[in-house]
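I have placed the structure first, in the form of structure tokens, so that the comments after it can refer back to it.
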Amino acid sequence: IYPELVEDTATLSAVVAGRERTNATAVRRLAREPRQILDIPRTIGITEIQRRLASILDEVGAGRPGAIYSSGKFVGVLITPAEYYRLRRLSRVVAWFRTAGLELATADEGEIAAFVHRFREAPGSAAGSAVG
Numbered sequence: 372i373y374p375e376l377v378e379d380t381a382t383l384s385a386v387v388a389g390r391e392r393t394n395a396t397a398v399r400r401l402a403r404e405p406r407q408i409l410d411i412p413r414t415i416g417i418t419e420i421q422r423r424l425a426s427i428l429d430e431v432g433a434g435r436p437g438a439i440y441s442s443g444k445f446v447g448v449l450i451t452p453a454e455y456y457r458l459r460r461l462s463r464v465v466a467w468f469r470t471a472g473l474e475l476a477t478a479d480e481g482e483i484a485a486f487v488h489r490f491r492e493a494p495g496s497a498a499g500s501a502v503g
């Protein structure tokens, strides 16, 4: 399943239940999309930001995230608006799975596969889920 391809959480239960399939072309497109959040962010100090804000924003705009540190403490991350909105959409997907009983942040592939199998075998999944 590819929850990132689901437009809203109302459709997500149908995808997890196997009643709806994702388009193969959309899956290939998704696989090619960069995920800035997976890149190792460049460390940027407050002093550097003050000196080079325009060039740092150009780098971030080009898809290179930055981790901001102040007095040696991690205080934030710079990402593109597109990555921010992608993550916002995913937060709804993560919340849907949490409500359905799976914590995606800590689940491994086996746990996810077992969850999907149980979800598809559940009596309510054929008619629609209360989750979503």
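Heads up: the sequence shown runs through residues 372 to 503, numbered per the numbering used here. Built from N, CA and C at the ideal position, the CB exists for glycine as well.
Run through DSSP, which three-state label would residue 327 get? The structure shown has nothing for residue 327, since the chain only spans 372 to 503.
In angstroms with no decimal places, state the Cα-to-Cα distance between residue 343 and residue 456. With the chain covering only 372 through 503, there is no way to say anything about residue 343.
Quick one: grab the DSSP three-state call for residue 382. helix
With 16 other CB atoms within 10 Å as the buried threshold, where does residue 421 fall? exposed
Do you know how far the Cα of residue 413 is from the Cα of residue 387? 36 Å
Coarse secondary structure for residue 478, derived from DSSP in three states: coil
Can you tell me whether DSSP reads residue 432 as helix, strand or coil? helix
Since residue 416 sits in a beta bridge, which residues does DSSP pair it with? 440
Tell me residue 472's beta-bridge partners as DSSP assigns them. In the DSSP output, where bridge partners are listed per residue, residue 472 has none listed.
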